[in-house]
Amino acid sequence: MCKTVSFDEILRLFIDFSHGIITQDYFLKTLSDIDFNFLEINEDNTAKILGVWEMIKYLEEKIFLEDFINDIKILKKSYFEKIESLSKIKFKKNIFSREIIKILKKWFNENINYPYPSEIEKQNLSCVTGLTLTQIKNWFINARRRILPRKNGNKVK
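So, in structure tokens, the structure goes:
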């Protein structure tokens, strides 16, 4: 009977086995019970898929048991197919609404002499705009690169 598990559970299984926390028998039994067809390729789980892929390659290199190698090769093949399909995905570009950009530009222009928001200001902007702190930080990094040279009269390269 195959069961559906999360990427985190799969990674934990590989890590526990590679560190000797679980036995080979338990690892193989659990691995054979996992339904890998549930794995969906999307922007959110790409890193996890690649993490499992790295664990598969690690186990293939470190373990030389004949029957186990065959299981690993089958698993590697199914993951390779998933990784191949990553190149076909068109990840959407984060485009913020005009209202959000207006709020961020307003803060930027009001603080043009020192356009580096404090952590509290970033949190406030995050609450107002609905963006994550990372998105706020990245927006200001990019804005300083794009807007400051124009404000100072330099040409943007």
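For the sequence shown, my numbering begins at 281 and goes up steadily by one. Note that CB positions come from ideal geometry on N, CA and C, so glycine has one too.
Residue burial classification, residue i (beta-carbon count within 10 angstroms, cutoff 16)
i                 : result
lysine 435        : A caution first: lysine 435 carries a pLDDT of 46, below 50, which makes its placement in the model unreliable, though a value can still be read off. So lysine 435 ends up on the exposed side.
threonine 303     : exposed
leucine 413       : exposed
phenylalanine 297 : buried
isoleucine 416    : buried
isoleucine 229    : The chain is shown from 281 up to 437; residue 229 falls before or after that span and cannot be answered.
Under the three-state DSSP convention, the category residue i falls into
i              : result
isoleucine 392 : coil
leucine 411    : coil
proline 397    : coil
isoleucine 363 : helix
glycine 300    : coil
serine 286     : coil
Identity of the residue in the options nearest residue i by Cα
i                 : options                           : result
isoleucine 314    : Ile301, Gly300 and Ser358         : Ser358
arginine 425      : His299, Pro395, Thr409 and Phe297 : Pro395
glycine 410       : Lys385, Phe376, Trp387 and Phe420 : Phe376
tryptophan 333    : Leu308, Asp351, Leu311 and Lys362 : Lys362
tryptophan 419    : Asn393, Lys431, Ile383 and Arg430 : Ile383
phenylalanine 307 : Asp351, Ala327, Thr326 and Gly331 : Asp351
Whole-angstrom C-beta distance between residue j and residue i, which should lie under 8 Å
i                 : j                 : result
phenylalanine 287 : isoleucine 329    : 7 Å
methionine 335    : phenylalanine 294 : 4 Å
phenylalanine 388 : isoleucine 427    : 7 Å
Endpoints, the alpha helix (DSSP H) within which residue i is located
i             : result
threonine 310 : 304 to 313
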